[in-house]
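Read through the structure below, which is laid out as structure tokens, and then see the notes.
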Amino acid sequence: MVAQDPGVRQDAPTEETVALPRLASRDRRRAAAEIRRPAPGRYLAVDDAGDVVLVALREAALRLGRDPAADMVFDDPSVSRRHAIVLRRDGGTVILDDRSLNGVRVNGKRVMAQTLRDGDLIALGAVTMRYMEVTP
């Protein structure tokens with residue numbers, strides 16, 4: 007039997023831990039230029055380990071998920087490999103649930119398809135982001 011020091015808590019962590027980034031480094035680099043002064047357009051503002059990363063929605067479709075082949079990759083187990091798709095449709099922006107396990111929530115409500123408005127809060131599992139429209 008090993009004697010334990012009564013002054014040391016056994017349940018205390020042995021090292022300090024910090025939040026790890028959820029967004030893949032390639033997406034962080036691509037979005038870094040947009041943070042200073044975003045050009046007019048549509049964006050997803052992703053909270054990433056204490057930083058806010060702006061990702062421009064330039065393509066007609068943007069696939070979100072944990073799969074490395076996704077356009078926007080999240081390293082979070084609550085995000086499905088193929089979680090959601092963001093589309094430009096009829097002059098607006100729509101988010102679609104891509105058969106994810108944890109679902110897509112817009113402003114707290116689970117949706118299968120939702121037209122996004124400026125300021126909408128989107129949750130993919132535990133990952134949250136905000137849809138933004140920047141006008142000239």
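Residue numbers (my numbering): 7 to 142.
Cβ coordinates follow ideal geometry from the N, Cα and C atoms, glycine included.
### Message
Report the CB separation of residue 103 from residue 117 in whole angstroms; it is logged as a contact under 8 Å.
### Response
Going by Cβ atoms, the distance from residue 103 to residue 117 rounds to 7 Å, so yes, they are a contact pair.
### Query
Where residue 139 and residue 99 are concerned, what is the direct C-alpha to C-alpha distance, given to the nearest angstrom?
Per the coordinates, the alpha-carbon of residue 139 lies some 10 Å from the alpha-carbon of residue 99.
### Query
In its own chain, which residues sit with a C-beta less than 8 Å from the C-beta of residue 141, not counting the 5 before and 5 after it?
Taken in chain order, the residues that qualify are 46.
### Environment of residue 1 [buried if 16+ CB atoms lie within 10 Å]
The chain is shown only over 7 to 142; residue 1 falls outside these bounds and no answer can be derived.
### Query
Taking the alpha-carbon positions, what's the residue 48 to residue 133 distance?
If I take the Cα positions, the gap works out to 19 Å.
### Query
How long is the line joining the alpha carbons of residue 128 and residue 94, rounded to whole angstroms?
CA-to-CA, the gap between residue 128 and residue 94 works out to about 16 Å.
#### Entry: Extent of the continuous beta strand (DSSP E) run through residue 139
Unbroken beta strand (DSSP E) run through residue 139: 133-140.
### Query
Taking C-alpha atoms, which residue in 53, 71, 126, 77 lies nearest to residue 64?
Considering only alpha carbons, the answer is 77.
### Query
Within 10 angstroms of its Cβ, does residue 119 collect 16 or more other Cβ (buried), or is it exposed?
Counting the other CB atoms within 10 Å of its CB gives residue 119 a total below 16, which places it among the exposed residues.
### Query
How big is the Cα-Cα spacing for residue 136 and residue 121?
C-alpha separation (whole angstroms): 13 Å.
### Query
Which two residues bound the contiguous beta strand (DSSP E) that contains residue 51?
47-54 is the extent of the beta strand (DSSP E) around residue 51.
### Task
Tell me where the beta strand (DSSP E) around residue 75 begins and ends.
First-last for residue 75: undefined, no H or E at that position.
### Task
Give every residue of the same chain whose Cβ lies closer than 6 Å to the Cβ of residue 84, excluding the five residues on either side of it in the sequence, and list them in chain order.
Only 108, 131, 132 meet the Cβ criterion.
### Query
If you drop the 5 nearest sequence neighbours on each side, which residues of the same chain put their C-beta closer than 8 Å to that of residue 66?
Within the same chain, residue 66 has close Cβ partners 93, 94.
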